[in-house]
Amino acid sequence: MTALLQVRGLQRRFGGNLAVDGIDFHIDQGELLAMIGPNGAGKSTTFNLLNGQLRADGGTAWLGGRDLIGLRPREIWKQGVGRTFQIAETFASLSVVENVQMALLSAAGRVFDLWRAARDFQREQALGLLRDVGMQGQAERPCSVLAYGDVKRLELAIALANRPRLLLMDEPTAGMASAERHELMVLTRRLVAERGMAVLFTEHSMDVVFAHADRVIVLARGRLIATGRPAEIREHPAVQEAYFGTGLSFEKRRGAPQ
Amino acid sequence: MTPSAVLVQLLNGLASASSLFFVAAGLSLIFGVTRIINFAHGSFYMLGLYLAYSLVDRFSAHIGFWPALLLAGPMLGLLGALVEALLLRRVYHAPELLQLLATFALVLVIKDATLWCWGAEDLLGPRAPGLGGAIDLLGRRFPAYDLLLIALGPVLLGLLTLLLRRTRWGTLVRAATQDREMAGALGVNQAWLFTSVFALGTMLAGLGGALQLPREPASLSLDLSSVGDAFVVVVVGGLGSVPGAFLAALLISEVKALCVALGTLHGFGLALPVSKLTLVAEFLVMAVVLVARPWGLMGKAPSSSRHRALEAPLQPSGPGLRASAVVVFLLLASLPWLSAGAPYVTVLAVDLLVAALFAASLHFIMGPAGLHSFGHAAYFGLGAYGAALLVLKAGWPMEAALVAAPLAAALGAMLLGWFAVRLSGVYLAMLTLAFAQIVWGITFQWDGFTGGSNGLTGVWPAAWLADKQVYFLLTLSAAAGGAWGLRRVLFSPFGYAMRAGRDSALRCEAIGINVLRVQWLAFVIAGGVAGIAGGLFAFSKGSISPDVMGVGRSVDALVMVLLGGVQTLSGPLVGAVVFTWLQDTVARSTDYWRALLGGVILLLVLAFPMGMVGFLRDAVWQLRGRPGGGAR
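Protein sequence lines, in the order shown, are assigned to chains A and B.
Residues in the first sequence are numbered consecutively from 7, following the working numbering.
Residues in the second sequence are numbered consecutively from 24, following the working numbering.
What follows is the structure, given as structure tokens:
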């Protein structure tokens, strides 16, 4: 089976510093792939190269028949890539259901329709997406009054509106309580299975990574140092060294503050 | 043009640069720390000049000319501290635009206070002792006093740099300029810092004014003209950057001096009076700098504010609102019959409707699209002049010209909008102001085509519309149709996209919405509707002058929108009607109507920060106990 996304030789330089130094990886359909690494490893840079917010200095990222590198964010979205942000980005002055309708309107190419009322546009589909993320009860609330965990769910619903093949999630559980984190990842897992898509996410919480990822890639100083199933990564000497120096492991660190 | 003439002009430029720098440095410091765009800064400059006149007049015999002159600085500093502590401190947490409105109200109050104290006549001070003469420069005479000014600019730059780099206070100022919230979180006493910065800035403006005493007469029009120049300097230099302000003052003054030195250029069979285009040159410099360096010569991208003004989702009109809209429309439509004995009523009503439509178009771009336009009068003026010129020069029938008016305005908005949507916040506001000034400058100076300062006369409606009451009905239909159309767009997918682009450009791009294109089109629509208002205005008056697109009209529109409440749809309509009516009645009953208006605005800003309609809406929601209603 060919991979859904195939990244090769991805590179980005900031001044004299190679933030991302020629990394290769792939994502298969139906997979939750976690990207981890210590601070400054190049996770965010890699992420922003894939979503078009940064320009790459080299490399390719083939999704189906199209290279995403060099495209603008909105062109990447058209290729079927949805994304969520580390600090959720939603439309604060629209209601919850209007947020989703906005995404549906864009997917239908009707942003520049100046005359017909938008209120009833694909309302059922919008409510359906909200139901998928457990937000149907809050459809009419202003987005600005939602609890943060709910904003994250809403953002997920927005990202799903154009039926993406690939979802990029930047620290999806940042700022959430432990129970909420696992709920969100269980929800994500269910959506991936139902919709036959794939997810690439960065994550600081090792609990979340080891409990929910199918596969993990580990970056350190701009290079890919390991890739494998969570259990393998946990025991991987290079990963342990990158994170803790020597002598510690994820097991011994359990319970330590993150 | 001889080398000596150019040299004298260049030296003139240096002297103006120093004067400009005194005002701009204070404005920049105040903005850097408090994030307030202080419209009243030019008023402090003007006050400094008037105060110096009186001080020199009374005390120079006792304490000498220079001490009396320089005393104006500290006195203005004290006034600044008072204004900050009593007024501005209350609006720091209000939306940016309301702060602007508050400082503009201050402009009105100070202007009338000055009028009351010193009268309407220009006052010319005495020459500076010992520097009254002129020196010989390559056979030309150059005022000795200007040499002193040339030296004072760099001296001030040096002193301010020392103050900012070498003192604890300066470190705090720089920290707050970079990140006000972080500085606050680290325990900097903000109240004291803000007051001291404001006092210093005001003192510099006052000193700058006082130093002009031997050079130019004190005049009541100095407030807006000096603050306009200072805005341009501060924006070109980069907000909050003192060296940037110095550099920009030099650049702009020298470009203007060169324009004067060039005189009239001849080429291609045309005579281009460059020396008359100094105003256009100034704003062109600004437009070029902002497009090339969006944050000014030495400015940095602003750290994004962590507070966003939130507003509640727009509600489509319910049956109650729709019914009352119909009732209001019918009442207005029967006005010609109701006011049969009082012909002035329909004339005033036309003004009110034109103002309401103009304000609605500004609100469209400012509120839902989040693009702050300080030069909206440009499109009003393009509509008015477009229609008038088509009738007078091209011989079009009036009806066709009225239809073409919005197209002319929309064309102008399309041109500026392409640049404008690439900027945001204060920089966007300043670019729109610059564009309006360029359009105004061209209209004002192109005598042969636009009639120059005299404007155009004989712009009358077609015969069937000549009756004031019929014309009122035409205006009513156009204004009601325009307002309804704007409202309809706001509830269309495009209206959602406008609000979405304002709330989160990142999210928009991530769901495939081209934010720049959405904002560009919003700009064009707003400009077009302003053009309709301009066309209606031209034919209602029969004559137009460059005033129709002056800064005053742009500011009036801002006041109308903010008065009504920027977060409501009916707010700008109510604001426009109240403002125009107040202006009309108060102006006829007192010489000090500006101060009265300023006082009313200050009261409104302090009492109803959400605008009148916003206040009413919140009150109604509170009564109904609606959840999440308070859009803060």
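Using N, Cα and C, we set each Cβ at its ideal position, and we do this for glycine too.
Note that the structure is a prediction, hence the values are computed from the model and not measured.
Checklist entry - Run through DSSP, which three-state label would W68/A get? => result strand
Checklist entry - Is it buried or exposed for M321/B, if we count other Cβ within 10 angstroms and need 16 for buried? => result The residue in question, M321/B, is buried, as its Cβ has 16 or more Cβ neighbours within 10 Å.
Checklist entry - Does DSSP put M321/B in a helix, a strand or coil? => result coil
Item to check | Under 7 Å by beta carbon: chain B residues contacting T96/A | outcome: S527 and R530
Item to check | Where C282/B falls, given that 16 or more other Cβ within 10 Å makes a residue buried | outcome: buried
Item to check | Length-filtered (3 minimum) beta strand (DSSP E) runs lying within the segment 551-589 of chain B | outcome: none
Next on the checklist: Which residue wins for smallest C-alpha separation from S219/B, given the options W644/B, L99/B, G71/B and L72/B?
Outcome noted: L99/B
Checklist entry - Do the segment 415-423 of chain B and the segment 436-448 of chain B touch if we need at least three Cβ pairs shorter than 8 Å? => result no
Next on the checklist: On the DSSP letters alone, give me the boundaries of the beta strand (DSSP E) that A40/A sits inside.
Outcome noted: In the DSSP assignment, A40/A falls within the unbroken beta strand (DSSP E) covering L38 to I42.
Checklist entry - Since S30/A is in the beta strand (DSSP E), which residue starts that stretch and which ends it? => result The question names Ser, but residue 30/A in the sequence shown is Asp. Start and end: N23 to I33.
Checklist entry - Is there contact between the segment 520-535 of chain B and the segment 382-397 of chain B, where contact requires at least three CB pairs shorter than 8 Å? => result Proximity of the segment 520-535 of chain B to the segment 382-397 of chain B meets the contact definition, three or more beta-carbon pairs being nearer than 8 Å.
Item to check | In chain order, each beta strand (DSSP E) run of at least 3 residues that lies wholly inside the segment 131-187 of chain B | outcome: 157-160 and 163-166
Checklist entry - Would you say L136/A reaches chain B, if we count a Cβ-Cβ gap shorter than 9 Å as a contact? => result no
Checklist entry - If you drop the 5 nearest sequence neighbours on each side, which residues of the same chain put their C-beta closer than 6 Å to that of A47/A? => result L225 and A226
Checklist entry - Would you call the segment 221-229 of chain B and the segment 89-99 of chain B touching, i.e. three or more CB-CB distances under 8 Å? => result Output reads yes: the segment 89-99 of chain B touches the segment 221-229 of chain B.
Next on the checklist: Pairs of beta-carbons, one from the segment 145-158 of chain A and one from the segment 114-126 of chain A, closer than 8 Å: are there three or more?
Outcome noted: no
Checklist entry - Per DSSP, M205/B forms a beta bridge with which residues? => result DSSP lists no partner for M205/B.
Next on the checklist: Below 8 Å on C-beta distance, what does E104/A contact in chain B?
Outcome noted: P336 and Y519
Checklist entry - Going straight from the alpha carbon of L434/B to that of V278/B, what length do you get? => result 29 Å
Checklist entry - Based on Cα-Cα distance, which residue from T51/A, T233/A and Q128/A lies nearest to M108/A? => result Q128/A
Checklist entry - Under the DSSP definition of a beta bridge, which residues are partnered with Q12/A? => result H32/A and W68/A
Checklist entry - When the Cα atoms are used, what is the spatial distance from S328/B to D579/B? => result Because S328/B sits at a pLDDT of 48, beneath the cut-off of 50, its placement in the model cannot be relied upon, and the point is left open.
Next on the checklist: Quick check on A262/A: buried or exposed, where buried means 16 or more other Cβ atoms within 10 Å of its Cβ?
Outcome noted: No answer about A262/A holds up, because its pLDDT of 46 lies below 50 and its placement is not dependable.
Item to check | Test: A523/B CB closer than 9 Å to a CB of chain A | outcome: Cβ-Cβ to chain A under 9 Å: yes for A523/B.
Checklist entry - Helix or strand or just coil, what does DSSP make of S328/B? => result Since pLDDT at S328/B reaches only 48, below the 50 mark, its modelled position is unreliable, and the value read off the structure follows with that caveat. DSSP places S328/B in the coil class of the three-state scheme, outside both helix and strand.
Next on the checklist: To the nearest angstrom, how far is the alpha carbon of G471/B from that of R61/A?
Outcome noted: Roughly 52 Å separates the two Cα atoms.
Item to check | Contact set between R511/B and chain A, taken where Cβ atoms lie within less than 7 Å | outcome: What R511/B touches in chain A: W121.
Checklist entry - Any idea if K323/B is buried or exposed, counting beta-carbon neighbours within 10 angstroms, 16 or more meaning buried? => result exposed
Checklist entry - Can you pull the DSSP bridge partners for P148/A? => result For P148/A, which the question treats as bridged, DSSP gives the partners S101/A.
Next on the checklist: Here's the rule: buried if 16 or more other CB atoms are within 10 angstroms of the residue's CB, otherwise exposed. What is N23/A?
Outcome noted: exposed
Checklist entry - Is it the case that the Cβ atoms of A219/A and A40/A are separated by a distance below 9 Å? => result For A219/A and A40/A, yes; Cβs fall inside 9 Å.
Checklist entry - Shorter than 9 Å from the beta carbon of N168/A to some beta carbon of chain B? => result yes
Checklist entry - Applying a beta-carbon distance threshold of less than 8 Å, which residues of chain B neighbour K62/A? => result It should be noted that the sequence gives Ala, not Lys, for residue 62/A. Result: empty, since nearest Cβ-Cβ is about 18 Å, beyond 8 Å.
Checklist entry - Are the C-beta atoms of Q107/A and some chain B residue less than 9 Å apart? => result yes
Checklist entry - Who pairs with V87/A in a beta bridge, going by DSSP? => result L172/A
Checklist entry - List, in order along the chain, the chain A residues whose C-beta lies closer than 7 Å to that of P342/B? => result In chain order: nothing, as chain A lies at least about 15 Å away.
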